[in-house]
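Asks: Residue numbers (my numbering): 24 to 422. Glycine residues also receive a C-beta, built at the ideal position from the N, C-alpha and C atoms. Predicted model, so just to flag it, every value in this text is computed and none were measured. Please read through the structure below; I'll follow up with questions.
So this is what it looks like as structure tokens:
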């Protein structure tokens, strides 16, 4: 579908869903963003919903400025996936042992590792850059620099909430039945610590005193505060990328142990909470994607649904009206609290039938019914991405 302008904004706000269907709180957030003097434009993805600080599913292009709340607190959160040589016929009827094996290798929820990951001991993990990466930890915000031990022990861990590891089967086309591995995670607590400290600093700056929403406070180019934020931001984005790379390599090892004949394709990885330096119509901008992936022409990306509905591997169409972006998933249609009030564990079991996963009260807030219809979300952005593969999970590990 083509975009629809959101009325009543200073900068152009282009919406890839029904603008009158956006929840009022989220619509007001978007209008507040469009009123900021530094904003070149905003693209609103079809999975849009209200978020803390700034709207989830928003792509914001700013001139000489960036809002840390528009990135989100899980800096660098994103997806990774890899296609395997296995087919559905290779998988056993009982997938519980495979789920248990994954959970034994990758800590989930609040768990951290007993010993930090040694990249040299993880088969298939990129070996370059690790020493330089950790050497830069000491340059981070001084109040976070003391957390290096925690950061090292949390590397290669999944977290909780909507983070997951999945074994999926391709559904359509000539490659139907092909098995994929997929995961969703971010910068763990260390990204949150960095983000919250910088959001707090931004709120105190004089140029942010009269904003319509203090949560949208910005840093300006050429200032020490901007330099400090970007230093910490780039590090946290790299931490998130390396965190996913560690888990994907470990996941591949678990599957290799179970199926020694397996081989793997080239991994796909994409952030969906991050900042990038880009240029549109000759204007250099800082683009924040909070709940959105880059979908430049030819870019491969991953758009998950929920723990019972499947996901999509996509190729970007490079639509400049959307700042070369697409949605990061289905998007929530109700809060976690409302989901827990609305659904039961029996509903969860019914909606995740055929998936080897947790079906207890601890993950009811992640029930598919709490999310928008992923097929509708995909239909609303067919001018942003083309579908490469439609996947359906058969194993889902949650924190």
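Thinking C-alpha only, which one of 259, 92, 175 and 276 is nearest residue 107?
Replies: Of the candidates 259, 92, 175 and 276, the one whose C-alpha sits nearest the C-alpha of residue 107 is 276.
Asks: For residue 409, does the count of other Cβ atoms within 10 angstroms reach 16, so buried, or fall short, so exposed?
Replies: Exposed, because fewer than 16 other Cβ atoms sit within 10 Å of the Cβ of residue 409.
Asks: Please report how far the alpha carbon of residue 445 lies from the alpha carbon of residue 285, in whole angstroms.
Replies: The question about residue 445 has no answer here: the residues shown for the chain are numbered 24 through 422.
Asks: Going residue by residue through the stretch 213 to 295, where are the continuous beta strand (DSSP E) segments of at least 3 residues, counting only ones entirely within it?
Replies: Segments of the beta strand (DSSP E) lying fully in the stretch 213 to 295: 291 to 294.
Asks: Would DSSP call residue 52 helix, strand or coil?
Replies: Looking at residue 52 - three-state DSSP - the assignment turns out to be helix.
Asks: Opposite residue 39 in the DSSP bridges: which residues?
Replies: For residue 39, which the question treats as bridged, DSSP gives no partner whatsoever.
Asks: Does the stretch 160 to 172 come into contact with the stretch 288 to 298, if we say contact requires no fewer than three beta-carbon pairs (one atom in each stretch) closer than 8 Å?
Replies: Verdict: no, contact absent.
Asks: Tell me whether residue 321 is buried or exposed, calling it buried when 16 or more other Cβ atoms sit within 10 Å of its Cβ.
Replies: So residue 321 ends up on the exposed side.
Asks: From residue 193 to residue 205, what does the alpha carbon distance come to, in whole angstroms?
Replies: Going from the Cα of residue 193 to the Cα of residue 205 covers about 12 Å.
Asks: On a CA-only basis, which of 335, 258, 187 and 117 is nearest residue 398? Give me that one, please.
Replies: Comparing Cα positions, the closest option is 335.
Asks: Between which two residues does the beta strand (DSSP E) holding residue 203 run?
Replies: Taken as a continuous stretch (DSSP letters only), the beta strand (DSSP E) holding residue 203 covers 201 to 208.
Asks: Spatial neighbours of residue 378 within its chain, please: CB distance less than 8 Å, with the 5 preceding and 5 following residues excluded, ordered by chain position.
Replies: Counting only Cβ-Cβ distances below 8 Å, and skipping sequence neighbours, we find 330, 331, 416, 417, 418 and 419.
Asks: Grouping DSSP H, G and I as helix and E and B as strand, with all else coil, what is residue 85?
Replies: Looking at residue 85 - three-state DSSP - the assignment turns out to be strand.
Asks: State the CB to CB distance for the pair residue 274 and residue 188, rounded to an integer number of angstroms; the pair is presumed to be in contact (CB under 8 Å).
Replies: Indeed, because the Cβ distance is near 6 Å, the residues count as touching under 8 Å.
Asks: Among the candidates 73, 38, 80 and 91, whose CA atom is the shortest distance from the CA of residue 252?
Replies: Nearest C-alpha to residue 252: 91.
Asks: CB-CB under 6 Å to residue 333, same chain, minus the five flanking residues each way: which ones, in chain order?
Replies: Hits under 6 Å: 414 and 415.
Asks: Is the beta carbon of residue 348 sitting closer than 8 Å to the one on residue 315?
Replies: Yes, the Cβ-Cβ distance between residue 348 and residue 315 is below 8 Å.
Asks: Based on DSSP bridge pairs, tell me the residues matched to residue 72.
Replies: Paired residue(s): 79.
Asks: Spatial neighbours of residue 109 within its chain, please: CB distance less than 7 Å, with the 5 preceding and 5 following residues excluded, ordered by chain position.
Replies: Hits under 7 Å: 202, 282 and 285.
Asks: Identify the continuous beta strand (DSSP E) that holds residue 315 and give its terminal residues.
Replies: Per DSSP, residue 315 belongs to the beta strand (DSSP E) from 315 to 317.
Asks: Less than 8 Å between the C-beta atoms of residue 159 and residue 150, yes or no?
Replies: It is not a contact, given that the beta carbons lie outside the stated cut-off.
Asks: Three-state secondary structure (DSSP) at residue 364?
Replies: If DSSP states are grouped into helix, strand and coil, residue 364 belongs with the helices.
Asks: So, using beta-carbon positions, are residue 82 and residue 346 closer together than 8 Å?
Replies: Cβ atoms of residue 82 and residue 346: closer than 8 Å.
Asks: For a minimum of 4 consecutive residues, which ranges assigned as the alpha helix (DSSP H) are wholly contained in the stretch 359 to 416?
Replies: If we require 4 residues or more, the alpha helix (DSSP H) runs fully inside the stretch 359 to 416 come out as 359 to 365, 368 to 374 and 397 to 402.
Asks: When you compare the stretch 209 to 226 with the stretch 168 to 177, are there three or more beta-carbon pairs, one atom per stretch, that lie closer than 8 Å?
Replies: Verdict: yes, contact present.
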